[in-house]
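Inspection log for the structure reproduced underneath, given as structure tokens.
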Ligand SMILES: [Cu+2]
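Now the structure itself:
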């Protein structure tokens, strides 16, 4: 008979203990992952009670100078807002406690906005989608100090569109936007004025600013939960700052100006009864003709105008539905892609005013088609890098020549959803993964979703004015990514001119 030596016995014990520990650890880890995975999806579909009438941001008051300049005043302020009955949530807003008024101007008009910052910290106001000189853009180089003012002015020179404004301080954009600083800026033109589209603001033409939020008691809960590479994802949505909103409509056709003002969430909009709707405009303005859709995806910063047809007395719910956005099993779940929300209920009156049929032809998009691009540039997205670098306020990454068109090729290389926003211009999407883009991506755009491993080609024209020292930004509009440095700077120069140095490199 052989006997095991004490040493071997100890080794065996140790092995048994180690195996038991590993099994326990693996089981605990697997349970943790399963719980995280299961807990990572939220839905308000079917459980929303639509108790609150949708707020519509007021149209901003303005005055017109003798020289024709339209003047607006925006005050960035702190306050509190009652989203939940009896609870005051600390918020920020423009001319109010949450969000801001809707600015509106005509093509050809000269506008001036007096921005007053009464927050306790510096911020900026960026005019998202607006073509304007770089020093008026409101990017991170145009900081408005706490207690300070800033009065940008420019001439509106682009087609009718649904644009928006929000802060853009480098490293703090997510924080400033989710506290409540955002508003719409609508542009009109002669053509849009003539078209028989619903156009009575707040009646049959409604701003729909969609944000996802979470509450911890009366406070907003801004926590980034485990494995959420995209940033903050809320567990419910609100529209124009109204939770569980409904809106009574009295017209046969209603135009919804959708803005995804969420900081990280991609929304796929559709209706509860799967009805079709007419997409009439994208970020930069009207499509050449309406497109019938049942689903419409908007990533953060993107806008779309849709026209919905209502029957007398009916109710329908605009929803944010699970994504079909090229995300894998894992990243879809942890990017909010499996979530769903009841966003806004429309309640039609028993009698509806007739609305004219939609016109066959809508806008004439003024975006280049790539045929006159003078060069191609590549942008590789890899959180938190673009082309291997993070944002540096003192570095001009890209120099473009005024009046030329270029083709930019954007590729996502890290398995995370991103999008790409370019300041100052509206562009045309030439292709997505080598294929002609779907109809909803053929209109004028300033922000485009870039799915994991996707390649998007866009054509842009830089009309200037030239300013070799003051950069515009391009960046991921998932604000957490932008804050982490997924941003670059470009300047527009005259032919033969070189880029200068940003005047206030530190942004203050
Ligand atoms: Cu990103």
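In the numbering used here, the protein residues as written are 111 to 618. Yeah, the Cβ is synthetic: ideal placement off N, Cα and C, and Gly gets one too.
(1) Figure out for me which residue from 330, 287, 429 and 417 has the closest Cα to the Cα of residue 379.
(2) Residues in its own chain within less than 7 Å of residue 469 by CB, not counting five upstream and five downstream?
(3) Determine contact between the segment 514-531 and the segment 545-560, defined as no fewer than three beta-carbon pairs at a distance below 8 Å.
(4) Between which residues of its own chain and residue 111 is the CB-CB distance below 8 Å, once the five residues before and five after are set aside?
(5) Taking buried to mean at least 16 other C-beta atoms within 10 Å of its own C-beta, is residue 138 buried or exposed?
(6) Could you compute how far the alpha carbon of residue 594 sits from the alpha carbon of residue 140?
(7) Using CA atoms only, rank isn't needed, just tell me which of 258, 372, 263 and 439 is closest to residue 246.
(8) Shortest alpha-carbon distance to residue 416 belongs to which of 397, 423 and 433?
(9) Can you give me the start and stop residues for the beta strand (DSSP E) that residue 293 sits inside?
(10) Which word fits residue 481, buried or exposed, when buried means at least 16 other C-beta atoms lie within 10 angstroms of its C-beta?
(11) Mark residue 528 as exposed unless 16 or more other C-beta atoms lie within 10 angstroms of its C-beta, in which case mark it buried.
(12) Between which two residues does the beta strand (DSSP E) holding residue 139 run?
(13) Taking the C-alpha atoms as reference points, what is the distance between residue 195 and residue 157?
(14) Does DSSP put residue 216 in a helix, in a strand, or in coil?
(15) Whose C-beta lies closer than 6 Å to the C-beta of residue 578 among residues of the same chain, with five residues either side of it excluded?
(16) Quick one: residues in its chain with C-beta nearer than 6 Å to the C-beta of residue 366, no 5 flanking neighbours on either side, listed in chain order?
(17) How would you call residue 136, buried or exposed, if buried means at least 16 neighbouring beta carbons within 10 angstroms?
(18) Going by the C-beta, is residue 596 closer than 7 Å to any heavy atom of ligand 1?
(19) My output table needs one value for residue 442: the three-state DSSP class, helix, strand or coil.
(20) Can you name the start and end residues of the alpha helix (DSSP H) that residue 523 belongs to?
(21) Where residue 513 and residue 573 are concerned, what is the direct C-alpha to C-alpha distance, given to the nearest angstrom?
(22) Name the DSSP beta bridge partners of residue 414, please?
(23) Whole angstroms are fine: how far does the CA of residue 313 sit from the CA of residue 464?
(24) In the DSSP output, which residue or residues are listed as bridge partners for residue 599?
(25) When you compare only the Cα positions, how much space is there between residue 598 and residue 490?
(26) Where does residue 218 land, buried or exposed, given buried means 16+ other C-beta within 10 angstroms?
(27) From residue 411 to residue 278, what distance separates their C-alpha atoms?
(28) In three-state terms, what does DSSP make of residue 589?
(29) Taking the Cβ atom as the reference point for each residue, do residue 395 and residue 269 lie within a distance shorter than 8 Å?
(30) How long is the line joining the alpha carbons of residue 213 and residue 443, rounded to whole angstroms?
(31) Beta carbon of residue 296, beta carbon of residue 272: below 8 Å?
(32) Tell me which residues share the same chain as residue 568 and place their Cβ nearer than 6 Å to its Cβ, disregarding the 5 neighbours each side in the sequence.
(33) Hey, out of 457, 133 and 388, whose CA is closest to residue 422's CA?
(34) Opposite residue 276 in the DSSP bridges: which residues?
(35) Is residue 375 closer than 8 Å to residue 322 when the C-beta atoms are compared?
(36) Confirm, please, whether the CB-CB distance from residue 449 to residue 152 is below 8 Å.
The relevant details are as follows:
(1) As a position in the chain shown, residue 379 is number 269, starting the count at 1. When each option's Cα is compared against that of residue 379, the closest is 429.
(2) In the chain shown, residue 469 corresponds to position 359, counting from 1. Here the set comprises 305 and 306.
(3) yes
(4) Position 1 of the chain shown, counted from the start, is the residue given in the question as residue 111. Here residue 111 scores only 49 on pLDDT, less than 50, and its place in the model should not be relied on; the value that follows carries that caveat. So the list is empty, once near-sequence residues are dropped.
(5) Numbered from 1 along the chain shown, position 28 holds the residue referred to as residue 138. When all chains shown are included, residue 138 counts as exposed.
(6) For the purposes of this step, residue 594 is identified with residue 484 of the chain shown, where counting begins at 1. For the purposes of this step, residue 140 is identified with residue 30 of the chain shown, where counting begins at 1. Their Cα atoms are separated by approximately 30 Å.
(7) Taking the first residue of the chain shown as position 1, residue 246 is located at position 136. Comparing Cα-Cα distances from residue 246 to each of 258, 372, 263 and 439, the minimum goes to 263.
(8) Counting from 1 along the chain shown, the entry for residue 416 is found at position 306. Selected option, being the one with the closest Cα: 397.
(9) Taking the chain shown and counting its residues from 1, one reaches residue 293 at position 183. That run of the beta strand (DSSP E) goes 293-298.
(10) Sequence index remark: in the chain shown, residue 481 carries index 371 (1-based). That one is exposed.
(11) Along the chain shown, read from residue 1 onward, the residue named residue 528 stands at position 418. By the 10 Å Cβ count, residue 528 comes out buried.
(12) Your numbering for residue 139 matches position 29 in the chain shown. Note, residue 139: premise wrong, no beta strand (DSSP E); alpha helix (DSSP H) at 116-149.
(13) Reading the chain shown from its first residue, position 85 is the one you call residue 195. Reading the chain shown from its first residue, position 47 is the one you call residue 157. Their Cα atoms are separated by approximately 18 Å.
(14) Counted from its first residue, the chain shown places residue 216 at position 106. Looking at residue 216 - three-state DSSP - the assignment turns out to be strand.
(15) Counted from its first residue, the chain shown places residue 578 at position 468. Cβ within range, chain order: 601, 603, 607, 609 and 610.
(16) The sequence position of residue 366 within the chain shown is 256, counting from 1. Excluding residues within five positions, the ones whose Cβ falls inside 6 Å are 316, 318 and 416.
(17) Here residue 136 refers to the residue found at position 26 of the chain shown. Exposed, by the Cβ-count rule.
(18) For the purposes of this step, residue 596 is identified with residue 486 of the chain shown, where counting begins at 1. The answer is yes for residue 596.
(19) Counting from one through the chain shown, the residue named residue 442 turns up at place 332. In the structure shown, residue 442 sits in a helix (DSSP, three-state: H, G or I).
(20) Walking along the chain shown from the start, residue 523 turns up at place 413. No alpha helix (DSSP H) holds residue 523; DSSP gives it neither H nor E.
(21) By 1-based counting over the chain shown, the position of residue 513 is 403. By 1-based counting over the chain shown, the position of residue 573 is 463. If you take the alpha carbons of residue 513 and residue 573, they lie about 5 Å apart.
(22) By 1-based counting over the chain shown, the position of residue 414 is 304. The partner list for residue 414 (beta bridge, DSSP) reads 368 and 392.
(23) By 1-based counting over the chain shown, the position of residue 464 is 354. By 1-based counting over the chain shown, the position of residue 313 is 203. When rounded, the distance between both Cα atoms is 13 Å.
(24) Counting from one through the chain shown, the residue named residue 599 turns up at place 489. Paired residue(s): 583.
(25) For the purposes of this step, residue 598 is taken as residue 488 along the chain shown, with counting starting at 1. For the purposes of this step, residue 490 is taken as residue 380 along the chain shown, with counting starting at 1. The straight-line gap from Cα to Cα measures roughly 12 Å.
(26) Here residue 218 corresponds to residue number 108 of the chain shown, with the count starting at 1. Exposed, because fewer than 16 other Cβ atoms sit within 10 Å of the Cβ of residue 218.
(27) Position 301 of the chain shown, counted from the start, is the residue given in the question as residue 411. Position 168 of the chain shown, counted from the start, is the residue given in the question as residue 278. If I take the Cα positions, the gap works out to 12 Å.
(28) Counted from its first residue, the chain shown places residue 589 at position 479. Three-state result, residue 589: helix.
(29) Mapped onto the chain shown, residue 395 falls at position 285. Mapped onto the chain shown, residue 269 falls at position 159. Yes. Within cutoff.
(30) Numbered from 1 along the chain shown, position 103 holds the residue referred to as residue 213. Numbered from 1 along the chain shown, position 333 holds the residue referred to as residue 443. Distance between the alpha carbons of residue 213 and residue 443: 37 Å.
(31) Within the chain shown, the letter at position 186 stands for residue 296. Within the chain shown, the letter at position 162 stands for residue 272. It is a contact, given that the beta carbons lie within the stated cut-off.
(32) Working through the chain shown from its first residue, we reach residue 568 at position 458. Cβ neighbours of residue 568 beyond the five flanking positions: 518, 537 and 539.
(33) In the chain shown, the residue the question calls residue 422 occupies position 312. Among 457, 133 and 388, the Cα nearest to that of residue 422 is on 457.
(34) For the purposes of this step, residue 276 is taken as the residue at position 166 of the chain shown. The partner list for residue 276 (beta bridge, DSSP) reads 236.
(35) Looking up residue 322 in the chain shown gives position 212. Looking up residue 375 in the chain shown gives position 265. Yes, Cβ-Cβ distance for residue 322 and residue 375 is below 8 Å.
(36) The residue given as residue 152 occupies position 42 in the chain shown. The residue given as residue 449 occupies position 339 in the chain shown. Closer than 8 Å, so yes.
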